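Visitor:
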Amino acid sequence: MIEYVRRQNLRRKRLSENSTANASTFKKNSNETPFKCQRYGHGQLFCNNLPRCLKCGKGHLTYTCKLGKDEKPTCVNCKLDHVASAKSCEFRPKDRKVVPPKKRTLPTVSKESDKPPSKEPPTKNSILHGQKTYSDAVTSSITEFVPDENLLKLINKFMEFVEKCKKLQSPQEKVLLALGIVEEMIKMDL
432 MIEYVRRQNL
442 RRKRLSENST
452 ANASTFKKNS
462 NETPFKCQRY
472 GHGQLFCNNL
482 PRCLKCGKGH
492 LTYTCKLGKD
502 EKPTCVNCKL
512 DHVASAKSCE
522 FRPKDRKVVP
532 PKKRTLPTVS
542 KESDKPPSKE
552 PPTKNSILHG
562 QKTYSDAVTS
572 SITEFVPDEN
582 LLKLINKFME
592 FVEKCKKLQS
602 PQEKVLLALG
612 IVEEMIKMDL
């Protein structure tokens, strides 16, 4: 006694009963056959073959079959006593084994410069190897800076320009003032 149930109806029934659905419930079977011809290797959408019954193997659609529930079915593919969609059929393609994805390993740190900064305070050894502390870098850059005379003149001119611009009101006056200062700088050869 074999009863054929469509998968679509089975899926609807499972969802309507408020059962939990997982991915394997809706996973497409790679060995699925079309309901029309019962042959493997293509889907129902592109099936142009003549209809063949799932139960008796004759040339009609399964839902029009007059084979009783007590009678033995005949496979369309191998002519043995099971339905065409049975897993025991020798014509059914073997299930492919799913190969798990390879684990990716992160590259290791190989260079000294690629390592993240340490949270420990610098030691005398690290200072001897050319590494400066933050305070050393800041104080040394301030004490080593010697301003140039031309740079000081340029800074003073800029400060004068800012003070004069504050007093002027129209943009035209500010542009004329800027042009005058640029002319003076050209004369000073800055």
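Start counting the sequence shown at 432; every next residue gets the next number (the working numbering).
Heads up, the beta-carbon is just placed ideally off N, CA and C, and yes, glycines get one too.
Computed from a predicted model, the values in this text were never measured in an experiment.
Does DSSP put S566 in a helix, in a strand, or in coil?
Guide: What you label residue 566 is simply residue 135 of the sequence shown in a count that begins at 1. If DSSP states are grouped into helix, strand and coil, S566 belongs with the helices.
Visitor: Is the beta carbon of C478 sitting closer than 9 Å to the one on K489?
Guide: In the sequence shown, counting from the first residue as 1, residue 478 sits at position 47. In the sequence shown, counting from the first residue as 1, residue 489 sits at position 58. Contact: no.
Visitor: On the premise that F592 lies in contact with A631, defined as a C-beta separation below 8 Å, what is that separation, rounded to the nearest angstrom?
Guide: One cannot answer for residue 631 here, as it falls past the ends of the chain, which runs 432 to 621.
Visitor: V606 to K595, Cα distance in whole Å?
Guide: Counted from its first residue, the sequence shown places residue 606 at position 175. Counted from its first residue, the sequence shown places residue 595 at position 164. Going from the Cα of V606 to the Cα of K595 covers about 12 Å.
Visitor: For A517, which of helix, strand or coil comes out of DSSP?
Guide: Along the sequence shown, read from residue 1 onward, the residue named residue 517 stands at position 86. A517 falls in the coil class under three-state DSSP.
Visitor: Of all the options S516, G499, E580 and K528, which has the alpha carbon lying nearest to the alpha carbon of R483?
Guide: Your numbering for residue 483 matches position 52 in the sequence shown. Minimum Cα distance to R483 is reached at S516.
Visitor: How far does the alpha helix (DSSP H) with F592 in it extend, from its first residue to its last?
Guide: As a working mapping, residue 592 is identified with position 161 in the sequence shown. Where F592 is concerned, the enclosing alpha helix (DSSP H) stretches over E580 to K598.
Visitor: Just verifying my parser: in three-state terms, what is the DSSP assignment at L610?
Guide: Counting from 1 along the sequence shown, the entry for residue 610 is found at position 179. Helix, per DSSP.
Visitor: Apart from the five residues just before and just after C468, which ones in its own chain have a Cβ nearer than 6 Å to its Cβ?
Guide: As a first step, residue 468 must be located in the sequence shown, where it is residue number 37. These residues qualify, in order along the chain: C478, N480 and R483.
Visitor: For a test of the three-state rule: what should DSSP assign to P602, helix, strand or coil?
Guide: Locating residue 602 in the sequence shown gives position 171, where the first residue counts as 1. Three-state result, P602: helix.
Visitor: With a threshold of 7 Å on Cβ separation, who are the neighbours of S519 within its own chain once the five nearest residues in sequence on each side are excluded?
Guide: As a first step, residue 519 must be located in the sequence shown, where it is residue number 88. Once the five neighbours on either side are set aside, the close Cβ partners of S519 are H513.
Visitor: With a threshold of 16 other CB atoms inside 10 Å of the CB of T536, please say whether the residue is buried or exposed.
Guide: Numbered from 1 along the sequence shown, position 105 holds the residue referred to as residue 536. So T536 counts as exposed.
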